[in-house]
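Participant: Provided herewith is a single structure, encoded as structure tokens, for subsequent inquiry.
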Amino acid sequence: MGTIGALLSAWFAADISVAASRFKRNFVLWSIIALFLGTAYVFALIAVSIFLSNRYSPLLAAFSIAAALFLTALILMAVMAVLRAHDRRLANERRSRAIAQANVALLAANSILRKRPLLAVVTTAALGGLLGFGSKGGRRKRQRR
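Have a look at this one:
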């Protein structure tokens with residue numbers, strides 16, 4: 201049994217090291233991609249600014265770019281708000297579904313235990329034994345300072 205435990209722990213350790221190296225590699229690659237995309241974005245803004253300043257005044261070009269970016273940020277904030285509301289709605293549905301399942305289980309358990317009280321005593325004793333004797337060692341007492 202000891203060799204199986206050693207084998208499993210070595211397998212899990214190897215799996216974790218592979219996942220960690222993959223995470224590091226992906227982090228470095230995504231950082232480089234973000235750097236290149238940020239640089240491209242800055243140069244695109246400069247190009248648009250030069251183009252607009254040739255057609256309009258430089259002040260109007262800068263103002264129009266700022267307004268476009270501000271509008272884009274507002275649209276993204278609205279999208280985030282809609283997604284957050286959707287996530288909340290899904291979480292509330294999951295929570296209510298879990299509560300309904302718990303209520304059904306309690307009703308079923310109540311009806312079974314009313315019909316067979318001996319089963320209730322055995323079930324309670326088994327659960328108490330599992331919860332009480334399942335933990336190793338006693339509880340540590342808190343030290344008062």
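According to my numbering, the sequence shown is numbered sequentially starting from 201. Cβ atoms here follow ideal geometry from the backbone N, Cα and C, with glycine treated the same way.
Looking at the secondary structure, which residues open and close the alpha helix (DSSP H) in which S264 lies?
Facilitator: 258 to 315
Participant: Give me the Cβ distance between L313 and A320, rounded to the nearest whole Å; I'm assuming they're in contact under 8 Å.
Facilitator: 4 Å
Participant: Quick check: the Cα distance between S249 and A262, rounded to an integer number of angstroms?
Facilitator: If you take the alpha carbons of S249 and A262, they lie about 7 Å apart.
Participant: Does the Cβ-Cβ distance between L245 and I265 come in under 8 Å?
Facilitator: yes
Participant: Do you know how far the Cα of V228 is from the Cα of R222?
Facilitator: 10 Å
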